[in-house]
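Participant:
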Amino acid sequence: MSDENIVVVQHLEKKYKSGTHAVKGISFNVKKGEIFGMLGPNGAGKTTTLQMMGTLLGITEGKIKILDYDVSAESNLVRENIGFALQEAGLDSLSTVKELITFHVKLFGFSGADVEKRVEQSLSLLDLHEYSNQMIPELSGGTQRRLDLAVSLVHDPKLLILDEPTTGLDPAHRSDLWSLLKKLKSEKGITIVMSTHYMEEADVLCDRLAIIDSGEIVAIDTPQKLKKTIGKDRIEFKLFKSLSDEQIRSMKERFDEADVSIKESFFTVKVDDGEEALLDTLKSIIEMDVKVKGTKVLRPTLDDVYLKYTGKRLEEVQ
Amino acid sequence: MRLNTILTLYVRNLKQYRRLPAVLAFSFIVPVIQYLIFSNLFNSLSDVPGNPYGGYPYYMYITPAIIILTAIFGSVNSSAALLVDLNTGYFDKLRATPASLAPQIIARFMSEFTRLSLQLFLIITVSILYHKKVSGVLELPEAGFLGLITIVILAASFGIGVVGNLVVALAFKTKSEQAVQAVFPLFFVAVFMSTAYVPDVLLPGWLQSAVIYNPSEYLIRAVRGIFLEGFTDSTLDSITIAVSCIIVLTAITSTINYRTIIKSID
Numbered sequence: 209m210s211d212e213n214i215v216v217v218q219h220l221e222k223k224y225k226s227g228t229h230a231v232k233g234i235s236f237n238v239k240k241g242e243i244f245g246m247l248g249p250n251g252a253g254k255t256t257t258l259q260m261m262g263t264l265l266g267i268t269e270g271k272i273k274i275l276d277y278d279v280s281a282e283s284n285l286v287r288e289n290i291g292f293a294l295q296e297a298g299l300d301s302l303s304t305v306k307e308l309i310t311f312h313v314k315l316f317g318f319s320g321a322d323v324e325k326r327v328e329q330s331l332s333l334l335d336l337h338e339y340s341n342q343m344i345p346e347l348s349g350g351t352q353r354r355l356d357l358a359v360s361l362v363h364d365p366k367l368l369i370l371d372e373p374t375t376g377l378d379p380a381h382r383s384d385l386w387s388l389l390k391k392l393k394s395e396k397g398i399t400i401v402m403s404t405h406y407m408e409e410a411d412v413l414c415d416r417l418a419i420i421d422s423g424e425i426v427a428i429d430t431p432q433k434l435k436k437t438i439g440k441d442r443i444e445f446k447l448f449k450s451l452s453d454e455q456i457r458s459m460k461e462r463f464d465e466a467d468v469s470i471k472e473s474f475f476t477v478k479v480d481d482g483e484e485a486l487l488d489t490l491k492s493i494i495e496m497d498v499k500v501k502g503t504k505v506l507r508p509t510l511d512d513v514y515l516k517y518t519g520k521r522l523e524e525v526q
Numbered sequence: 067m068r069l070n071t072i073l074t075l076y077v078r079n080l081k082q083y084r085r086l087p088a089v090l091a092f093s094f095i096v097p098v099i100q101y102l103i104f105s106n107l108f109n110s111l112s113d114v115p116g117n118p119y120g121g122y123p124y125y126m127y128i129t130p131a132i133i134i135l136t137a138i139f140g141s142v143n144s145s146a147a148l149l150v151d152l153n154t155g156y157f158d159k160l161r162a163t164p165a166s167l168a169p170q171i172i173a174r175f176m177s178e179f180t181r182l183s184l185q186l187f188l189i190i191t192v193s194i195l196y197h198k199k200v201s202g203v204l205e206l207p208e209a210g211f212l213g214l215i216t217i218v219i220l221a222a223s224f225g226i227g228v229v230g231n232l233v234v235a236l237a238f239k240t241k242s243e244q245a246v247q248a249v250f251p252l253f254f255v256a257v258f259m260s261t262a263y264v265p266d267v268l269l270p271g272w273l274q275s276a277v278i279y280n281p282s283e284y285l286i287r288a289v290r291g292i293f294l295e296g297f298t299d300s301t302l303d304s305i306t307i308a309v310s311c312i313i314v315l316t317a318i319t320s321t322i323n324y325r326t327i328i329k330s331i332d
């Protein structure tokens, strides 16, 4: 990843004619080669922001620069340099796979032998050869998503904008798409800006993340750093019986009292790295003659981050 | 706006119709059936005393009406392929490519104009063949091939410019095929409330005074003049009035269309 900014968003606002204030003055940068995610529930303003970046919606206030082109003033240059896959795989239902890719290659000004070459490249990259003569409505949801990506990539865009790319996909197809996006980033160096309301997706895929709530960015950083803001990992022990007063005293002596919590037959201790500290902690507890029934490491999740910054759980507001 | 982009979209739009045969067939077969039925059913209208077109067989009198009807039918259906794009989200996907908004709309109107022109040539060919069957003579109308081209341009311009614009605006507003098809009876009534099927002197009194407010009447007069009388002075006057009507109405409907599209995407 370089320091060069591919996307610069400054004080961006969108007010619809209906009066809805969908985006309220957000600012962020996306660096070259980065996968940048926007995490938030439906209606948070993610799609509106991406649509303004993709020249599909007018900007009420603020500015977006993509590859140094002003999205409002130089929209034609922006369109030539980005690939955009909308929330629903919007594809021409009256075409075959190959016809659609060919059309998109020509749309970006390629002609002659270049057309055939790029169509072949797209079919290979997205593993679509076996479907090339199939009509688009006959394809599965996952294959349509791949085709949507294929047509968004025919011109080797420097920036790929993806609006909830895995919504509606089953776990297997979702995982395939994650691998594909990682491959696009590592092999082709494409910068990706994507929205999602799946925490796992944001965690696994994104280098940096903006958490959006009601049109505002409430936190922005790497998923790891965001989770760090929540605090330490926790190791939870399930015990055969409640601790005696003597055992409680020993526990508080062995661990920092502020890091210990005891509730009936559960004992929880906060540590910096749960997996690393698990064995040592278990050993210490056993030495105190405590019988342990089970244990698990609890790490802060992005949902905890969302809760911290918005006061609500992401899963609850979906 | 690149010409090459518009051309690529134009070719793609025409190819779409390979996969919409019902749309092509519907907008062609209905006028042909009406032509054949009306020609036989009202054949004796030419013999009615006082009919200024009594010198022509009725099937020739109603040919211009059938041409206009084909233009209207074809134009109402011009939203079919657009609605497929709008409802699948593909229209928006293309807006984020060099196709953007204006080239998509321009290419759509160009391809619909081409499709409609071909359909109009087809219906004129049917009328010429029907004339041969009845009279035994294979001949072009009075104005010759140039006349046929003029008829096609006038009818297609009216169809796409006036009806097509309104239909596309409705497609953007409702994104519903049913809503778009529902407006067809309005245009159908407009053609009936003109001299398309019956000369003005044979119309009821109230309708005789009403036809002057019907824009399709001026188009029918121009097309009928070219088809039956050739490029006479009075035909040229009718063409001038028809062209003026088309320009004014297209300007109005284009403005409505533009506003509707902009409103629907922002």
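For the protein sequence lines, the chains are A and B, in the order given. The numbering of the first sequence is the numbering used here, which starts it at 209 and goes up by one. The numbering of the second sequence is the numbering used here, which starts it at 67 and goes up by one. The beta carbon of each residue, even a glycine, is placed where N, CA and C say it ideally should be.
1. With distances taken between CB atoms, is the gap from residue 356 of chain A to residue 299 of chain A smaller than 9 Å?
2. What in chain B is Cβ-close to residue 265 of chain A, meaning under 9 Å?
3. Please tell me whether residue 280 of chain A has its Cβ less than 9 Å away from any Cβ of chain B.
4. Please list, in chain order, the chain A residues whose beta carbon lies closer than 9 Å to that of residue 78 of chain B.
5. Could you please give me the residues that DSSP links to residue 402 of chain A through a beta bridge?
6. Rounded to whole angstroms, what's the CA-CA distance from residue 121 of chain B to residue 136 of chain B? Just pull it up for me.
7. Shortest alpha-carbon distance to residue 174 of chain B belongs to which of B:235, B:108, B:119?
8. Can you give me the Cβ contacts of residue 296 of chain B inside the same chain, cut-off strictly under 6 Å, excluding the 5 residues immediately before and after it?
9. Would you call the CB atoms of residue 179 of chain B and residue 222 of chain B closer than 9 Å?
10. Using alpha carbons as the reference points, say which of A:519, A:475, A:418 lies closest to residue 444 of chain A.
11. Does any residue of chain B have a CB that is nearer than 9 Å to the CB of residue 292 of chain A?
12. Based on Cα-Cα distance, which residue from A:426, A:470, A:312, A:381 lies nearest to residue 71 of chain B?
13. Would you say residue 398 of chain A faces chain B, with C-beta separation under 9 Å as the test?
14. Looking at C-beta atoms only, is the number of pairs between the stretch 219 to 234 of chain A and the stretch 382 to 398 of chain A that lie closer than 8 Å three or more?
15. List the endpoints of the continuous beta strand (DSSP E) containing residue 395 of chain A.
16. Please identify the residue among A:450, A:483, A:498, A:479 whose C-alpha is closest to the C-alpha of residue 470 of chain A.
17. For residue 240 of chain B, collect the residues of the same chain with a Cβ closer than 6 Å to its Cβ; drop the 5 residues on either side in sequence, then sort them by chain order.
18. Considering only C-alpha positions, which residue in the set B:197, B:244, B:155, B:237 is nearest to residue 371 of chain A?
19. How is the beta strand (DSSP E) around residue 468 of chain A delimited, first residue to last?
20. According to a CB-to-CB cut-off of less than 9 Å, which residues of the stretch 170 to 195 of chain B neighbour chain A?
21. Return the CA-CA distance between residue 292 of chain A and residue 229 of chain B, expressed in angstroms with no decimal places.
22. Which residues, in order along the stretch 130 to 157 of chain B, keep a beta-carbon less than 8 Å from a beta-carbon of chain A?
23. Is it a yes or a no for the stretch 430 to 449 of chain A touching the stretch 510 to 520 of chain A, going by three-plus beta-carbon pairs under 8 Å?
24. Buried or exposed: where does residue 84 of chain B fall if 16 or more other Cβ atoms within 10 Å of its Cβ makes it buried?
25. So is residue 109 of chain B in contact with chain A if we call contact Cβ pairs under 9 Å?
26. What would DSSP say about residue 427 of chain A, mapped onto helix, strand or coil?
27. With a threshold of 9 Å between beta-carbons, can residue 230 of chain A be considered close to chain B, or not?
28. Residue 296 of chain A CB to nearest chain B CB: under 9 Å?
29. Rounding to the nearest angstrom, what Cα-Cα distance links residue 430 of chain A and residue 505 of chain A in this structure?
30. Mind listing the chain B neighbours of residue 288 of chain A? Cutoff is C-beta to C-beta under 8 Å, in chain order.
31. Tell me, which residues are paired with residue 441 of chain A by DSSP?
32. Quick one: is residue 71 of chain B near chain A, going by C-beta distance under 9 Å?
33. With distance defined between alpha-carbon atoms, name the residue in B:151, B:305, B:283, B:115 nearest to residue 131 of chain B.
34. Assess, as a yes-or-no matter, whether the stretch 413 to 425 of chain A is touched by the stretch 247 to 267 of chain A under the definition of 3 or more beta carbon pairs within less than 8 Å.
35. In the stretch 409 to 430 of chain A, which residues sit with their C-beta less than 9 Å from some C-beta in chain B, listed in chain order?
36. Hey, quick one: how far does the alpha helix (DSSP H) through residue 292 of chain B stretch, first residue to last?
Facilitator: On the basis of the data shown:
1. For the purposes of this step, residue 356 of chain A is taken as residue 148 along the first sequence, with counting starting at 1. For the purposes of this step, residue 299 of chain A is taken as residue 91 along the first sequence, with counting starting at 1. Going by C-beta atoms, residue 356 of chain A is nearer than 9 Å to residue 299 of chain A.
2. In the first sequence, the residue the question calls residue 265 of chain A occupies position 57. Going along chain B in sequence order, the residues near residue 265 of chain A (Cβ under 9 Å) are 331, 332.
3. Position 72 of the first sequence, counting from 1, holds the residue named residue 280 of chain A. No, residue 280 of chain A does not count as interfacial toward chain B.
4. Within the second sequence, numbered from 1, the residue matching residue 78 of chain B stands at position 12. 300, 303, 307, 311, 314, 315, listed in chain order.
5. As a position in the first sequence, residue 402 of chain A is number 194, starting the count at 1. Paired residues: A:245, A:370.
6. Along the second sequence, read from residue 1 onward, the residue named residue 121 of chain B stands at position 55. Along the second sequence, read from residue 1 onward, the residue named residue 136 of chain B stands at position 70. The straight-line gap from Cα to Cα measures roughly 25 Å.
7. The sequence position of residue 174 of chain B within the second sequence is 108, counting from 1. Per the Cα distances, B:235.
8. Along the second sequence, read from residue 1 onward, the residue named residue 296 of chain B stands at position 230. Excluding positions up to five away in sequence, the list reads 208, 209.
9. In the second sequence, residue 179 of chain B corresponds to position 113, counting from 1. In the second sequence, residue 222 of chain B corresponds to position 156, counting from 1. Going by C-beta atoms, residue 179 of chain B is nearer than 9 Å to residue 222 of chain B.
10. For the purposes of this step, residue 444 of chain A is taken as the residue at position 236 of the first sequence. Closest by alpha carbon: A:475.
11. Counting from 1 along the first sequence, the entry for residue 292 of chain A is found at position 84. Judged by the 9 Å Cβ criterion, residue 292 of chain A is in contact with chain B.
12. Locating residue 71 of chain B in the second sequence gives position 5, counting from the first residue. Of the candidates A:426, A:470, A:312, A:381, the one whose C-alpha sits nearest the C-alpha of residue 71 of chain B is A:312.
13. Within the first sequence, numbered from 1, the residue matching residue 398 of chain A stands at position 190. The C-beta of residue 398 of chain A comes no closer than 9 Å to any C-beta of chain B.
14. no
15. Within the first sequence, residue 395 of chain A is the residue found at index 187, counting from 1. Unbroken run through residue 395 of chain A is the alpha helix (DSSP H), 379 to 396; no beta strand (DSSP E).
16. Residue 470 of chain A sits at position 262 when you count from the first residue of the first sequence. Measuring from the Cα of residue 470 of chain A, the nearest candidate turns out to be A:450.
17. In the second sequence, residue 240 of chain B corresponds to position 174, counting from 1. No residues qualify anywhere along the chain.
18. Against the first sequence, residue 371 of chain A aligns to sequence position 163. It is B:155.
19. Locating residue 468 of chain A in the first sequence gives position 260, where the first residue counts as 1. 468 to 471 is the extent of the beta strand (DSSP E) around residue 468 of chain A.
20. Along the stretch 170 to 195 of chain B, there is no position whose C-beta sits under 9 Å from a C-beta of chain A.
21. One-based indexing of the first sequence puts residue 292 of chain A at position 84. One-based indexing of the second sequence puts residue 229 of chain B at position 163. Taking the straight line from one Cα to the other gives about 33 Å.
22. 147, 150, 151, 154, 155, 156, 157
23. yes
24. Here residue 84 of chain B refers to the residue found at position 18 of the second sequence. It counts as exposed.
25. As a first step, residue 109 of chain B is located in the second sequence; it is residue number 43 there, counting from the start. Taking Cβ atoms only, chain A never reaches closer than 9 Å to residue 109 of chain B, which makes this a no.
26. Position 219 of the first sequence, counted from the first residue, corresponds to residue 427 of chain A. Strand.
27. Mapped onto the first sequence, residue 230 of chain A falls at position 22. No, residue 230 of chain A lies away from the interface with chain B (no Cβ there is under 9 Å from its Cβ).
28. What you label residue 296 of chain A is simply residue 88 of the first sequence in a count that begins at 1. Yes, residue 296 of chain A counts as interfacial toward chain B.
29. Start at 1 with the first residue of the first sequence, and residue 430 of chain A comes out as number 222. Start at 1 with the first residue of the first sequence, and residue 505 of chain A comes out as number 297. Residue 430 of chain A and residue 505 of chain A: Cα-Cα distance of roughly 22 Å.
30. Against the first sequence, residue 288 of chain A aligns to sequence position 80. Residues of chain B whose Cβ lies closer than 8 Å to the Cβ of residue 288 of chain A are, in chain order, 164.
31. Taking the first residue of the first sequence as position 1, residue 441 of chain A is located at position 233. Answer by DSSP bridge pairing, in chain order: A:479.
32. Start at 1 with the first residue of the second sequence, and residue 71 of chain B comes out as number 5. Yes, residue 71 of chain B counts as interfacial toward chain A.
33. By 1-based counting over the second sequence, the position of residue 131 of chain B is 65. When each option's Cα is compared against that of residue 131 of chain B, the closest is B:283.
34. yes
35. none
36. Position 226 of the second sequence, counted from the first residue, corresponds to residue 292 of chain B. Per DSSP, residue 292 of chain B belongs to no alpha helix (DSSP H) and is neither H nor E.
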